Each structure stands twice: as C-alpha cells, then as structure tokens.
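Residue 1 is where the sequence shown starts when you use the UniProt record's numbering, and the numbers rise one by one after that. One structure is given here, and the rest of the page talks about it.
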Amino acid sequence: MTLAERWRAARPPAAGVHVDSAACSRQSFASIDAATQHARHEAEVGGYVAAEAAAPALDAGRAAIRALTGMEDAEVLFTTGSSHALDVLLSSWSGERTAACLPGEYGPNLMALAHHGFDVRELPVDGFGRLDLDALGTVLATDPPALVHFTVLGSHSGIVQPAHDIASACRAHGIPLIVDAAQGFAHLDCSAIGADAVYSSSRKWTAGPRGVGMLATRSDLVSDVARLRLTHGETNVGLHLGLSVALGEHLAAGPDAVQARLREVGAATRTALADVAGWRVWEPVEEPSAITTLHPPDGVDPMSVRARLIAEHSIVTTYLATERAPKEMTRPALRISPHVDVTDTDLETLADALTAVTR
Ligand SMILES: *Cc1c(COP(=O)(O)O)cnc(C)c1O
C-alpha cells in the first residue's frame with residue numbers, strides 16, 4: 001500500500017470529497033479510539049486515576065512534538081489550540097511590547113497582539129507576501145522589535161515562508177522568535193527552524209482531535225501562573241491522548257514522506273484547478289505546500305460557492321474572508337487543502353463541481 005492508501009484506510013470513509021485539511025483533517029480510527037477508550041477508563045477507575053495511567057502516552061506525545069520541532073530541550077505544553085498557545089506566550093511576556101510580523105499575519109493573531117498591548121510593525125515582503133530576505137537585515141537593525149512573531153504558512157495562502165532564515169536573522173540580532181506553525185506543523189519540515197517557541201493545532205495537518213493544540217517553548221517564555229493553569233487546570237485528557245496517537249501515526253508514516261507527498265498534492269491540486277473558468281490559482285504550481293488559494297471570478301461569492309459545493313456535491317472546502325489576513329487580503333477567496341490521500345479523481349470531481357456552481 002502507498003502512504004496515501006494507508007492514510008485513507010486508517011480512517012472512516014469520507015462522505016464525499018474532503019479537501020479541507022487546513023481547517024480540520026479527518027481523524028484516524030486509532031486517534032478516535034484513544035480518546036473514546038480514555039473516557040471509558042475514566043468512568044471505570046475515576047478521572048484522576050485514569051489521567052495517571054495516561055501519563056506515559058502523553059509523554060510520548062510531548063517527545064514527538066520535541067522531535068518534530070527539533071526543540072530537544074523545549075518545554076511542551078498541551079493547549080486548546082494555536083490561539084491559546086499564543087495567548088499563553090503573550091500574556092507571559094515581560095519585555096517591551098513591540099513585535100514584527102508578516103503583512104499576511106493571521107487576523108486573530110493580530111487581535112491577540114493588540115489585546116496584549118503590542119505595537120506591531122511589518123516585516124518586508126515580495127509580491128507574493130513572502131519574506132524579503134534582502135530587506136530583512138536593515139529592518140531588524142534599524143528599528144528592532146522586542147519580538148518577532150512569524151507565521152510559517154498562512155491560513156489564507158499556500159506560500160511557504162523561510163522560517164529558518166528568519167530564525168537566523170533573529171538570532172543574529174538577539175530577537176526572540178515565536179513561530180505560528182498552525183499550518184506548518186506536520187506539513188512542512190519544522191524540525192530545524194531554530195525558534196524560541198513554536199505552536200500548532202491538533203486538528204489541522206496532524207489530523208488529531210479538535211479542541212487541542214501544542215506549544216513547544218523555551219521555559220522562560222511561559223509565566224508560572226500560565227504554566228500552572230495549563231498543567232493543573234481542567235483539561236480533556238482523552239483529547240491529549242488522541243493527539244498523541246495522531247503524532248505517533250505521523251512519525252510512523254515518516255514526516256519526510258508526508259511532506260513530500262503533500263508537496264505533490266499541492267502541485268496536483270493547482271494543476272487540476274488551473275483551467276476552471278474564471279477562477280485563478282494564487283500560488284505558483286510548485287509552491288511546496290498543499291494549500292491552494294482560488295480567487296473567484298468577478299461577481300462570484302466564494303462563501304456561497306463553499307456552501308453549494310457541500311450541499312450539491314458533498315465537497316468540503318474553506319471560505320476565506322479577508323479577516324483572515326486583513327493586512328494582505330483584498331477580497332475573499334476559496335481554499336483547497338487536501339491531505340495525502342487525495343486522488344486525481346477527487347481533484348477532477350472538484351474541478352467539475354466548481355465549474356458547475358460558478359455557471
Ligand atoms: C488555524 C490557525 C490558527 C488558530 O488555530 P486554533 O487552533 O483555531 O486556535 C492560528 N494561525 C494560523 C495560521 C491558523 O491557520
């Protein structure tokens with residue numbers, strides 16, 4: 001069996017075509033079962049006793065996160081998602097409140113930065129919104145921010161950002177770097193970034209359960225009170241187990257093999273959708289990610305297109321409102337984000353359906 005076939009066989013069959021992994025992937029039987037079994041175990045032996053029994057499996061999950069971020073000495077904390085992880089870091093921050101981000105920064109992250117009193121300035125980019133490495137040095141040297149917050153792969157675009165380069169530049173200028181890997185983790189190689197903190201969500205490319213996230217960080221970036229809330233506050237242990245199982249499956253599949261297949265999927269998706277009348281694929285065909293952004297023809301509303309694709313064709317995609325990246329998006333778009341198991345037939349079905357609902 002190929003990686004794609006194994007991935008597909010490991011989970012319940014999709015009711016239609018699911019090309020929405022950047023929003024929420026499909027969980028495996030093993031991940032679903034881990035959370036379910038834990039709930040049963042809680043009922044049998046008591047919630048706190050069951051949590052003790054789950055500790056080794058959760059440690060394995062944390063070890064997987066350290067391996068996948070290449071942060072061997074990092075403290076790893078389970079959160080409820082990426083936004084929660086960022087909130088933990090920002091509320092713990094004791095330095096000056098200035099930060100630099102890409103113009104394509106995720107809208108809710110910008111809101112969190114503003115909420116925590118950060119003054120945000122923009123990192124230089126090219127026409128694709130990709131970090132401009134030539135201009136970066138000057139920007140960081142002239143008016144250095146206290147913190148760089150860098151989203152390695154956006155929610156609104158499949159353009160892969162040079163995380164390793166920003167990390168080198170930050171290190172050279174002594175600026176701490178926080179990386180939002182909500183879309184990058186278990187999708188791109190995040191094992192050699194060299195950031196001070198990396199966070200992600202379980203439900204996206206890792207294909208774990210919803211309602212969970214992870215933070216790998218230098219310990220001094222998390223305040224005692226924030227840590228106490230995370231480690232002793234109320235939490236859904238079963239979901240942490242589900243995530244740990246999904247991480248184990250990802251490691252077993254081989255992160256390199258998954259990344260290579262996702263690059264192939266991105267190129268196949270952009271090729272299959274290149275000729276759908278009126279729609280424009282934003283990313284270069286060979287952009288090394290599995291996220292494809294489609295800009296609609298004039299007068300076509302991608303929100304209703306998404307709804308009709310579900311209702312009339314059982315195809316799940318994402319509607320991208322401009323709030324996702326308010327400083328970069330000028331109009332709404334449609335996002336296509338298949339996982340490793342997408343087939344040529346799925347992509348043809350999608351192209352035909354898109355043509356049908358656009359007419
Ligand atoms: C989804 C997403 C988030 C938020 O993740 P949650 O787990 O929903 O909090 C943050 N940043 C990016 C780039 C995302 O795609």
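By construction, the Cβ of each residue, glycine as well, lies at the ideal position given by its N, Cα and C atoms. Source: prediction; values computed, not measured.
In whole angstroms, what is the alpha-carbon distance linking residue i and residue j?
i: Thr36; j: Gly238; result: 7 Å
i: Glu42; j: Glu75; result: 27 Å
i: Pro56; j: Glu234; result: 19 Å
i: Pro209; j: Ser202; result: 6 Å
i: Gly129; j: Thr358; result: 28 Å
i: Asp196; j: Asp275; result: 42 Å
i: Tyr319; j: Val45; result: 44 Å
i: Thr142; j: Leu177; result: 18 Å
i: Asp119; j: Pro144; result: 12 Å
i: Ile166; j: Ala311; result: 43 Å
i: Asp33; j: Leu247; result: 14 Å
i: Pro296; j: Phe150; result: 28 Å
i: Ala226; j: Asp20; result: 32 Å
i: His38; j: Glu287; result: 40 Å
i: Arg261; j: Val342; result: 10 Å
i: Thr330; j: Ala63; result: 41 Å
i: Thr269; j: Leu147; result: 36 Å
i: Ser83; j: Ala207; result: 17 Å
Any heavy atom of ligand 1 inside 7 Å of the beta-carbon of residue i?
i: Gln259; result: no
i: Asn236; result: no
i: His84; result: yes
i: Ala182; result: yes
i: Thr151; result: yes
i: Gly233; result: no
i: Gly158; result: no
i: Ser201; result: yes
i: Gly104; result: no
i: Ser155; result: yes
i: Gly81; result: yes
i: Gly213; result: yes
So the alpha helix (DSSP H) residue i belongs to, where does it begin and stop?
i: Ser223; result: It is not in any alpha helix (DSSP H) - Ser223 carries neither H nor E in the DSSP assignment.
i: Ser244; result: Val237 to Ala253
i: Gly107; result: Gly107 to His115
i: Ser201; result: Note, Ser201: premise wrong, no alpha helix (DSSP H); beta strand (DSSP E) at Ala197 to Ser201.
i: Met303; result: Pro302 to His313
i: Phe29; result: Phe29 to Val45
i: Leu350; result: Asp344 to Thr358
i: His164; result: Ala163 to His173
i: Arg121; result: Run containing Arg121: none in the alpha helix (DSSP H); it sits in the beta strand (DSSP E), Asp119 to Glu122.
i: Asp180; result: Premise fails: Asp180 lies in the beta strand (DSSP E), Leu177 to Asp180, not in any alpha helix (DSSP H).
Between the Cα of residue i and those of the options, spot the shortest distance and give me the residue it belongs to.
i: Ser289; options: Trp205, His250 and Thr235; result: Trp205
i: Gly137; options: Ala51, Gly174, Pro296 and Arg280; result: Gly174
i: Gly95; options: Arg359, Asp220, Val212 and Ala9; result: Asp220
i: Trp279; options: Ser168, Glu287 and Thr293; result: Thr293
i: Ser28; options: Glu348, Asp346, His339 and Val45; result: His339
i: Ser25; options: Asp33, Trp93 and Ala14; result: Ala14
i: Ser155; options: Pro144, Glu323 and Leu262; result: Glu323
i: Cys190; options: Val152, Ser223, Leu177 and Trp7; result: Val152
i: Glu122; options: Leu110, Ala353 and Ala172; result: Leu110
i: Pro255; options: Ser92, Thr217, Val88 and Leu68; result: Leu68
i: Leu215; options: Leu133, Tyr199 and Ser223; result: Tyr199
i: Pro298; options: Ile315, Thr317 and Ala277; result: According to the sequence displayed, residue 298 carries Asp and not Pro. Nearest C-alpha to Asp298: Ala277.
i: Thr345; options: Ala272, Met303, Leu334 and His232; result: Ala272
i: Ala163; options: Ile315, Ala186, Ala60 and Ala192; result: Ala192
i: His250; options: Asp73, Ile65, Ser337 and Ala22; result: Ile65
i: Glu328; options: Thr79, Gly104 and Gly61; result: Gly104
The beta strand (DSSP E) that contains residue i, what's its start and end?
i: Arg335; result: Ala333 to Ile336
i: His84; result: No beta strand (DSSP E) holds His84; the alpha helix (DSSP H) holding it covers Ser82 to Ser92.
i: Val19; result: Here Val19 belongs to no beta strand (DSSP E), and DSSP marks it neither H nor E.
Residue i: beta carbon under 7 Å from a heavy atom of ligand 3?
i: Lys204; result: Summarising the ligand content, the structure contains ligand 1 and does not contain ligand 3.
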